[in-house]
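In this note's numbering, the protein residues as written are 359 to 524.
Below: one structure, written as structure tokens.
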């Protein structure tokens, strides 16, 4: 059986075209609803690979790190970005001087388009710069914030919120 890719290609160049074609098919078939979620996805792996991450706190210590854009209602995966360290292929239109969270969001949300989508994310990605950037794109944010972060709006730091108890 002939190879479908270049046999001399590096591991990233073998995996990335496959993932991109898969995500293109995912996006052709399914139109996302309003609520989207972006989160880190880890895949346990015991083999040898150049881009393995090590995390002693996880059950699988060696893992492949990727980020996923998922429809929050159905759980349908719309886009995947595999982390290849400094070789990660971010959206070429995003600002390369911006932080990793901004590049991840720009890359994953590139094909969703501008619109009133709500992205649900955890506090790791909730930076004031990213939230302002999403607001400028008419995309909204729902999730947890750390109010002691730099550049956070003063109104949020002094506001007393009432937690709803079920």
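All C-beta atoms in this analysis are idealised placements derived from N, C-alpha and C, irrespective of residue type, glycine included.
So, residue i versus residue j, is the Cβ gap smaller than 7 Å?
i: residue 464; j: residue 449; result: yes
i: residue 431; j: residue 391; result: yes
i: residue 483; j: residue 468; result: no
i: residue 377; j: residue 422; result: no
i: residue 387; j: residue 477; result: no
i: residue 498; j: residue 489; result: no
i: residue 436; j: residue 385; result: yes
i: residue 514; j: residue 505; result: yes
i: residue 402; j: residue 418; result: yes
i: residue 398; j: residue 425; result: yes
i: residue 412; j: residue 442; result: no
Can you tell me which of the three DSSP states residue i falls into?
i: residue 494; result: helix
i: residue 420; result: strand
i: residue 445; result: helix
i: residue 485; result: coil
i: residue 516; result: helix
i: residue 432; result: coil
i: residue 504; result: coil
i: residue 425; result: strand
Assuming residue i is part of the beta strand (DSSP E), what are its boundary residues?
i: residue 396; result: 393-402
i: residue 377; result: Unbroken run through residue 377 is the alpha helix (DSSP H), 369-387; no beta strand (DSSP E).
i: residue 436; result: 435-440
i: residue 477; result: 476-479
Mind checking which residues open and close the alpha helix (DSSP H) that includes residue i?
i: residue 462; result: 458-466
So residue i and residue j are supposed to be a Cβ contact under 8 Å. How far apart are they, rounded?
i: residue 479; j: residue 457; result: With 8 Å as the limit, residue 479 and residue 457 do not qualify as a contact, their Cβ atoms being about 14 Å apart.
i: residue 381; j: residue 407; result: No, residue 381 and residue 407 are not in contact; Cβ-Cβ is about 21 Å, not under 8 Å.
i: residue 509; j: residue 486; result: 5 Å
i: residue 503; j: residue 481; result: 6 Å
i: residue 373; j: residue 440; result: 7 Å
Answer yes or no: does any C-beta atom of chain E fall closer than 7 Å to that of residue i?
i: residue 389; result: Going by chain labels, chain E is absent from the structure shown, which holds only one protein chain.
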